[in-house]
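Trainee: Just dropping this structure here.
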Amino acid sequence: MDFSLSEERKMLQETVARFFENNYKDINKRSKYLEMNDGFSRDFWKESANLGIISGLVSPNFGGLGGSGEDISIIFELIGKSLCIEPFLSSGLLSSTVLSSIENPKTELINQIVDGELLISFAHMEMNNRYEDHFVETKAFLENDNWKLNGSKSFVINGDSADKVIISARIDGEINDKNGIGLFLVDNNQIKNRSYNTIDGYRAAELNFENIEAELLCKNDLALECIIKTNSAGALALSAEAIGIMQVCFELTLDYLKTRKQFGKSIGAFQSIQHRMVDMMLEIEQVRSAVMLASSTFETNSSTRDKNVSAAKNLVGRVGKLIAEESIQLHGGIAMTWEYSVAHYAKRLIMIDHLMGDADYHRDRFKLLSLN
Amino acid sequence: MDFSLSEERKMLQETVARFFENNYKDINKRSKYLEMNDGFSRDFWKESANLGIISGLVSPNFGGLGGSGEDISIIFELIGKSLCIEPFLSSGLLSSTVLSSIENPKTELINQIVDGELLISFAHMEMNNRYEDHFVETKAFLENDNWKLNGSKSFVINGDSADKVIISARIDGEINDKNGIGLFLVDNNQIKNRSYNTIDGYRAAELNFENIEAELLCKNDLALECIIKTNSAGALALSAEAIGIMQVCFELTLDYLKTRKQFGKSIGAFQSIQHRMVDMMLEIEQVRSAVMLASSTFETNSSTRDKNVSAAKNLVGRVGKLIAEESIQLHGGIAMTWEYSVAHYAKRLIMIDHLMGDADYHRDRFKLLSLN
Amino acid sequence: MNFEYSEKEEKFRSEVREWLKETLPEYLSEKVKKYQRLTKEDYELFMNNLSQKGWLAWHWPEEYGGTGWNAIEKHIFEEEIVKASAPRIVPFGVNMLGPVLIEFGSEEQKNYYLPRILNNEDWWAQGYSEPGAGSDLASLKTTAVDKGDYYLVNGQKTWTTLGHHADKIFCLVKTDLNVKPQLGISFLLIDMDSPGVEVKPIITLDGEHEVNEVWFTNVKVPKKNLVGKENEGWTYAKYLLTFERTGIAGVPNSKSALNHLKMVSRKSMKNGKPLIEDPMFSSEVAELEIDLLAMEIFNLRTVSAAAEGKAPGMESSLLKIKGTLVRQKTTELLRKALGPQALPYLPEQFDEGWNEMPIGPEYAGPIAKQYFNMRKISIYGGSNEIQKNIVAKASFGL
Amino acid sequence: MNFEYSEKEEKFRSEVREWLKETLPEYLSEKVKKYQRLTKEDYELFMNNLSQKGWLAWHWPEEYGGTGWNAIEKHIFEEEIVKASAPRIVPFGVNMLGPVLIEFGSEEQKNYYLPRILNNEDWWAQGYSEPGAGSDLASLKTTAVDKGDYYLVNGQKTWTTLGHHADKIFCLVKTDLNVKPQLGISFLLIDMDSPGVEVKPIITLDGEHEVNEVWFTNVKVPKKNLVGKENEGWTYAKYLLTFERTGIAGVPNSKSALNHLKMVSRKSMKNGKPLIEDPMFSSEVAELEIDLLAMEIFNLRTVSAAAEGKAPGMESSLLKIKGTLVRQKTTELLRKALGPQALPYLPEQFDEGWNEMPIGPEYAGPIAKQYFNMRKISIYGGSNEIQKNIVAKASFGL
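Keeping their order, the protein sequence lines are chains A, B, C and D.
All residue numbers for the first sequence refer to this note's numbering, where the first residue is 18 and numbers rise by one.
All residue numbers for the second sequence refer to this note's numbering, where the first residue is 18 and numbers rise by one.
All residue numbers for the third sequence refer to this note's numbering, where the first residue is 14 and numbers rise by one.
All residue numbers for the fourth sequence refer to this note's numbering, where the first residue is 14 and numbers rise by one.
Take a look at the structure:
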């Protein structure tokens, strides 16, 4: 057993932390970024690439410098701390996971992602899909030996600015069948998209397409495995992001409790408030522990991986709600305002439960993997 | 709308309260009663009858003086306050409900119950029945035009001391069928019973019988309706009993908080404790409200009756756990002792959730009645 | 005991319902249903209608133009307004200031202000909270210095709901700095168009502008605008707060939100089946419904005790706490019910006349926003923590 | 990071497991599994075995006869003891007093008492709590008056676990009444057979006798039985409490209870199907398992930091809180799983050699009793409320 980070990972942690600290600390800077054309700052993204942060999400086998569960957690915890909205999840992690998990990995595309030159979004969700891995309505068919896609995809993070999109589509079978799914790569310029901000500040898009050309990446068992792995990678990343957010929420609240006075003493002097802070910290440490377990077992067999990721994401959903709601309540009115940062942290924390499977979804998945 | 008690009911309340106060107040007296042969005091029971308390559980149509949902609630709340273990539930309420709900009501037997001269227990539960109305394994069959019963019944409150027992048995169909159930009256001297105390001090018994003689009271739809009504009456009574218990738990805790000192001040001066007391009181008032609704609609149609009873019993289960556990925790060590009364209140409160349907059972029943 | 509405009460309910049907424009109830932003005119239209009908000051004693309704009737009225998706009655003038003036105002003040409130001529705002004094009003900092025939007011109020529409504001100000905090407070009426009054919007976490800061810089306020006695504002403030707390349980709103939740959970899908058939989710809905059912009776018990002249003690605090928790739980389950559909956020969707295609089902749009917005209800009106302190001290003697 | 046990650690685990298999009599593990009452001899048998193996003082430094195990090994050892259904190691001598004597005892005390503890010759009891001083040790009332070469002790201790078996007791007593409460406390070792010592049983809510009151009436205690310096007992007491708190998270016990819960929910029926297939119930079990999974890592993190010499700060308090809540939740779900089968209570079932038919399934008997008994764990060892106070003050600076 070994609970310490390797020297390399400590260095990664320090580099990334310093970079975010210098470039993303202030909530107004973030607001400026998210009002930009793409909903994020291309300059920041390019700098992240130069510093090797995107590379930290990709395995050395595909030209990256990291890519393990621990690397993902380290980077995303810091993303959470600074509430960063750059395409680390969509392009950096999800798409590169797909491209590296197929039979003939697309190393060249991955390299372009890592260099910050190419953006690819992962488009699996549909309007009526509730996080399921195999619920796919979008259709794929062969026309003169070329694959074509027909349908629509929803809630595609950075789906507006991506150069390419990875789309799951049904080659065969019924909407909920486990078999018959394919993953396809398409050029985004073929797609009509309607973009919008999510309530936590991310940019997302609805994609609609008719008979567009597509390149098959993998199908059937391999495609389903690939989707499951990608969703687990996303759920792990979001769980780690949540830790960073929770930590900030806790610290902002603690600071506020120490400075704000009521009835002649600091709010933090009230015992009922103190006890609630302890409950918060306790649960944050629980989440941290669950995420450590999920990261450290991310490279083992898929059922251990998915079970531990689901444990972490379920706990993140439950504890996230506690931390978001308590941070607002213990602050009082000030936390209800746009200009004070805790509200934005709380919003992201809550909405993380709506991405890559919510607490209920992951509880049920954990149940299947644990009780059987 | 009218939230006040009628003058008659106020009088009932006062009479019963005074009687319990004088005869049952002290937890040591209760302990003495429950060590008696029958697990209760025959003298107290007889006096209850003389004072008309048992009669308060029976409708004037069958020689009683009450029997409405409100009467039941008033009497059982006071039973809860004094933690009384006399056969009010088994004989006074459940059996008299069956005997008055059949096509040819057994008014004479009811009168004997009301007079305290006859004890009848209601034996519906079986070892593998989890509160279901129609899960009946015990068999009934006709032999030379006489009904005979075969099987066993579990957790029969006062099943050892009862003169007669009302037994649900299957005439026809599979173990879980809604149809094919009959209710039978049998003399208890035919039955082998194994009696024991429940963890909250009641006397119960396992009944085993082979080919014993029985009198058919009702069958099929009528029997099922009768079981449902009887179970709802029991659940209502227990919910009201729970209010009395919760109230005492709250008061004992409040008294203790005011007298016991820690770190130089009374424990009640600590804000986190204060807030938990408010949460307790809030939930007690919620339960009180739900029980008021259930009592006041007990005589309406069966779906309203059962829906509101289930709402009350579900809430009792949830809140009962809170009150029992918080009362112990806020007292500290003293509450862990046999000689201090709060432990006995807490035990009864918890075990009420194991009688006539627990919180989960009633939540599911409420769901069926409310969402459809 | 009998919790059925009497024939008379049901008749009254029909009357209210009929009147709302006749007078409330459909476009307005549609806006309310869709959580679209209401304009000043939207509020005023509804309140003018109420005023004409004589129902605006439904809380007031009959002699001052109130309705004379008993507590049950008031409850029915509130329920019907919510059911009809009417705008809420802006409470500052009619529900808050009115009762204070009736109890403590001078004859002149009563004669001038009460009819104007009854006729919906003034839009009042509330000037209680300050940046350093939310639930703890004793630490107010806004001062009013006696300058002979006027007060000179300096300071800042915050969380002033709809203050950008207001003509007038009632304020708590410090008139004596040399006594115990509670003793030096006065209750002042201030015209919003007085020189030196400035309103600055506060944008809330959901991106909306509903509350404001109000700044006072050397604002001259005539002495006749003092309510009651100087330095006794604390008494009036507390009197007013009991009115603010009534109805904050929001039973009618939660009932309507629960119905909405059931509708959404029937339409939301999970694994190809309606979410309401998911045993876990439906269990959460069922227990919420049970809590609400109990709270409705709890509320009616309190309301009916009030009708008999019993002053609600801890009950109003307990109802405030539970009411806000239940309401928040409803918005939480609505948010959960949506799954990923909770993500899109189109601020323009809440503008009047917006008629583009929504993203996903139409009901999805406002739900996450509403969840975040509703965090406020356990904070304002005396936070839930303050309510607990009050109950522990006043009712338990702790 | 790597949470797999190393080969070396796994080998150690096998060694412990093998040894337990060889030395622990089956009748004894059966008694533990069935929650039957253990006799003094039962405890002693197991502890004597440990003593012979050199594993009794597993916490102690090697130089005093300890094992020299690192934190992970200690954790493995604890886990295996629970898995084997061994009796618990009575902690008062070896886990509590031992470390205090090692740190603060005189050479004479060390030479006399430590070997006796190592050889399991004395049964020690703990004399901390008093009727008026549970979590708040500063308000102790038991006095020890200096009478030259002895102290005269008067007072009463309570919650003395297994005190009816004890030969000796370590006590906190007041030796100076004229200073601040914490300053006048001393740490005294008292023979239970001294004249004036009386043990009275306390029957707990589950009808069991495990704890006691210990009364002291003019008990003469030789001066040499004072540990450390007079009036500095508070320091030793706090030092001891940190040892009491370690392991109170009870991860191994909760893991074993969770497995038991899964077994029971597979056997309990609901509507003709195993309860574990009920989506609501299995969800509660799953979330409990997730909490426990996280807590196990949290515990290992803390244990491993301790192994590197970092003093556990808030972690031990947080683990104490969460550990007791998880443990209690397990007993709650076990109770729930039984449904009506939780009702019967046969005290004789917990006697050695009882072999009648149980009422219902054999596992049902102890469950409700155990649920009530486990309420104590959030009260003793510094109640959860006290732990929260400590964290808020010491770690958050509030």
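The beta-carbon is built from N, C-alpha and C at its ideal position, and this holds for glycine as well.
(1) For Val192 of chain C and Ile198 of chain C, I'd like the C-alpha separation in whole angstroms.
(2) State the Cα-Cα distance for the pair Asn45 of chain A and Met53 of chain A, rounded to the nearest angstrom.
(3) Does the distance from the CB of Ser99 of chain A to the CB of Phe37 of chain A come in under 9 Å?
(4) Note down the Cα distance separating Gly69 of chain B from Val131 of chain B, rounded to an integer number of angstroms.
(5) Keeping to the same chain, check which residues put their C-beta closer than 6 Å to that of Asn237 of chain B; ignore five residues upstream and five downstream.
(6) Which chain D residues sit within Cβ distance under 7 Å of Met293 of chain C?
(7) Can you give me the C-alpha to C-alpha distance between Ile289 of chain D and Ala363 of chain B, rounded to a whole angstrom?
(8) With C-beta atoms as the reference, is Ile137 of chain A less than 9 Å away from Leu202 of chain A?
(9) Alpha carbon to alpha carbon, how far is Lys282 of chain A from Phe287 of chain B? Give it in angstroms, no decimals.
(10) Could you compute how far the alpha carbon of Asn210 of chain B sits from the alpha carbon of Asp55 of chain B?
(11) Based on Cα-Cα distance, which residue from C:Phe183, C:Gln169, C:Asn397, C:Lys44 lies nearest to Val295 of chain B?
(12) Residues of the segment 287-298 of chain A with a CB closer than 9 Å to any CB of chain B: list them in chain order, please.
(13) Kindly indicate which three-state DSSP category Glu223 of chain D falls into: helix, strand or coil?
(14) Inspect the CB distances between the segment 49-65 of chain C and the segment 14-22 of chain C and report whether three or more fall short of 8 Å.
(15) Compile a chain-ordered list of the residues in the segment 242-275 of chain A whose CB is closer than 7 Å to at least one CB of chain C.
(16) Using a Cβ cut-off of 7 Å, pull out every chain C residue sitting near Met142 of chain A, in sequence order please.
(17) On the DSSP bridge assignment, give the partners of Cys184 of chain C in chain order.
(18) How is Val192 of chain C classed by DSSP in three states: helix, strand or coil?
(19) Contact defined as beta carbons within less than 8 Å: I believe Lys251 of chain D pairs with Leu305 of chain D. What is the distance between those atoms, to the nearest angstrom?
(20) What does Lys364 of chain B reach in chain D if we use C-beta pairs closer than 7 Å?
(21) Evaluate Tyr358 of chain C with the Cβ neighbour count: other Cβ atoms within 10 Å of its Cβ, from every protein chain shown; 16 or more gives buried, anything less gives exposed.
(22) Look up Met28 of chain A in the DSSP assignment and say whether it is helix, strand or coil.
(23) Can you list the residues of chain C that Asp19 of chain B reaches, using a CB-CB cut of under 7 Å?
(24) In chain B, what lies closer than 9 Å to Lys335 of chain C by C-beta?
(25) Going by CA-CA distance only, name the one from A:Lys165, A:Gln207, A:Cys101 that's closest to Lys181 of chain A.
(26) From the DSSP output, which residues share a beta bridge with Lys283 of chain C?
(27) Enumerated in chain order, which unbroken segments of the beta strand (DSSP E) with a length of 3 residues or greater are wholly contained in the segment 108-192 of chain B?
(28) With distance defined between alpha-carbon atoms, name the residue in B:Ser185, B:Thr247, B:Ile229 nearest to Asn163 of chain B.
(29) To the nearest angstrom, how far is the alpha carbon of Thr230 of chain D from that of Tyr164 of chain D?
(30) Give the single residue among D:Leu41, D:Glu134, D:Cys184 whose Cα lies nearest to the Cα of Asn244 of chain D.
(31) Tell me the rounded alpha-carbon separation between Leu239 of chain A and Ile188 of chain A.
(32) Using a Cβ cut-off of 9 Å (strictly closer), state whether Met53 of chain B contacts chain D.
(33) Relative to the C-alpha of Val445 of chain C, which residue among C:Ile182, C:Lys181, C:Val227 is closest?
(34) Roughly how many angstroms lie between the CA atoms of Gly378 of chain D and Gly168 of chain B, to the nearest whole one?
(35) Measure the Cβ-Cβ separation of Met18 of chain A and Ser329 of chain D and say whether it is below 9 Å.
(36) If I'm right that Arg348 of chain C touches Ala307 of chain C with Cβ under 8 Å, what's the distance once you round it to whole angstroms?
Mentor: Judging by the given coordinates:
(1) The residue you call residue 192 of chain C lines up with position 179 of the third sequence. The residue you call residue 198 of chain C lines up with position 185 of the third sequence. Each residue's alpha carbon lies about 10 Å from the other.
(2) What you label residue 45 of chain A is simply residue 28 of the first sequence in a count that begins at 1. What you label residue 53 of chain A is simply residue 36 of the first sequence in a count that begins at 1. If I take the Cα positions, the gap works out to 13 Å.
(3) Translated into the one-based positions of the first sequence, residue 99 of chain A becomes position 82. Translated into the one-based positions of the first sequence, residue 37 of chain A becomes position 20. Contact: yes.
(4) Along the second sequence, read from residue 1 onward, the residue named residue 69 of chain B stands at position 52. Along the second sequence, read from residue 1 onward, the residue named residue 131 of chain B stands at position 114. Rounded to whole angstroms, Gly69 of chain B to Val131 of chain B spans 8 Å at the Cα level.
(5) The residue given as residue 237 of chain B occupies position 220 in the second sequence. The answer, listed in chain order, is Asn196.
(6) On the third sequence, residue 293 of chain C is found 280 positions in, with the first residue counted as 1. Within chain D, the residues near Met293 of chain C are Pro292, Met293, Ser296.
(7) Counted from its first residue, the fourth sequence places residue 289 of chain D at position 276. Counted from its first residue, the second sequence places residue 363 of chain B at position 346. Their Cα atoms are separated by approximately 28 Å.
(8) Looking up residue 137 of chain A in the first sequence gives position 120. Looking up residue 202 of chain A in the first sequence gives position 185. Against a cut-off of 9 Å, the Cβ pair of Leu202 of chain A and Ile137 of chain A comes out as a contact.
(9) The residue you call residue 287 of chain B lines up with position 270 of the second sequence. The residue you call residue 282 of chain A lines up with position 265 of the first sequence. If you take the alpha carbons of Phe287 of chain B and Lys282 of chain A, they lie about 15 Å apart.
(10) Locating residue 210 of chain B in the second sequence gives position 193, counting from the first residue. Locating residue 55 of chain B in the second sequence gives position 38, counting from the first residue. Each residue's alpha carbon lies about 13 Å from the other.
(11) The count along the second sequence starts at 1 and reaches residue 295 of chain B at position 278. With distances taken between Cα atoms, Val295 of chain B lies closest to C:Asn397.
(12) Phe287, Gln288, Ser289, Ile290, Gln291, His292, Arg293
(13) By one-based count along the fourth sequence, residue 223 of chain D stands at place 210. It is a strand residue.
(14) no
(15) none
(16) Along the first sequence, read from residue 1 onward, the residue named residue 142 of chain A stands at position 125. Correct list: Pro353.
(17) The sequence position of residue 184 of chain C within the third sequence is 171, counting from 1. Partner(s): C:Gly140, C:Leu201.
(18) As a position in the third sequence, residue 192 of chain C is number 179, starting the count at 1. Coil.
(19) Start at 1 with the first residue of the fourth sequence, and residue 251 of chain D comes out as number 238. Start at 1 with the first residue of the fourth sequence, and residue 305 of chain D comes out as number 292. The Cβ separation is near 30 Å, so there is no contact.
(20) Here residue 364 of chain B corresponds to residue number 347 of the second sequence, with the count starting at 1. In chain order: Leu218, Phe385.
(21) The sequence position of residue 358 of chain C within the third sequence is 345, counting from 1. Buried.
(22) As a working note, residue 28 of chain A is residue 11 in the first sequence. In the structure shown, Met28 of chain A sits in a helix (DSSP, three-state: H, G or I).
(23) As a working note, residue 19 of chain B is residue 2 in the second sequence. Within chain C, the residues near Asp19 of chain B are Met14, Asn15.
(24) Position 322 of the third sequence, counting from 1, holds the residue named residue 335 of chain C. Residues of chain B passing the Cβ test: Leu299, Glu300, Glu302, Gln303.
(25) Counted from its first residue, the first sequence places residue 181 of chain A at position 164. Nearest of A:Lys165, A:Gln207, A:Cys101 to Lys181 of chain A, Cα basis: A:Gln207.
(26) Sequence index remark: in the third sequence, residue 283 of chain C carries index 270 (1-based). BP columns for Lys283 of chain C point to C:Lys286.
(27) 137-140, 156-160, 163-174, 181-187
(28) In the second sequence, counting from the first residue as 1, residue 163 of chain B sits at position 146. The residue with the shortest Cα to Cα distance from Asn163 of chain B is B:Ile229.
(29) Residue 230 of chain D sits at position 217 when you count from the first residue of the fourth sequence. Residue 164 of chain D sits at position 151 when you count from the first residue of the fourth sequence. Straight-line Cα distance between these residues: approximately 12 Å.
(30) Taking the fourth sequence and counting its residues from 1, the one referred to as residue 244 of chain D is at position 231. Of D:Leu41, D:Glu134, D:Cys184, the residue nearest in Cα terms is D:Cys184.
(31) The residue you call residue 239 of chain A lines up with position 222 of the first sequence. The residue you call residue 188 of chain A lines up with position 171 of the first sequence. One C-alpha to the other measures close to 13 Å.
(32) Counting from one through the second sequence, the residue named residue 53 of chain B turns up at place 36. So, not an interface residue.
(33) Shown here, chain C extends from 14 to 411; a query on residue 445 of chain C therefore has no answer.
(34) Indexing the fourth sequence from 1 puts residue 378 of chain D at position 365. Indexing the second sequence from 1 puts residue 168 of chain B at position 151. Between Gly378 of chain D and Gly168 of chain B, the C-alpha separation is close to 23 Å.
(35) If you number the first sequence from 1, residue 18 of chain A lands on position 1. If you number the fourth sequence from 1, residue 329 of chain D lands on position 316. It is not a contact, given that the beta carbons lie outside the stated cut-off.
(36) Position 335 of the third sequence, counted from the start, is the residue given in the question as residue 348 of chain C. Position 294 of the third sequence, counted from the start, is the residue given in the question as residue 307 of chain C. About 23 Å separates the two Cβ atoms, so there is no contact after all.
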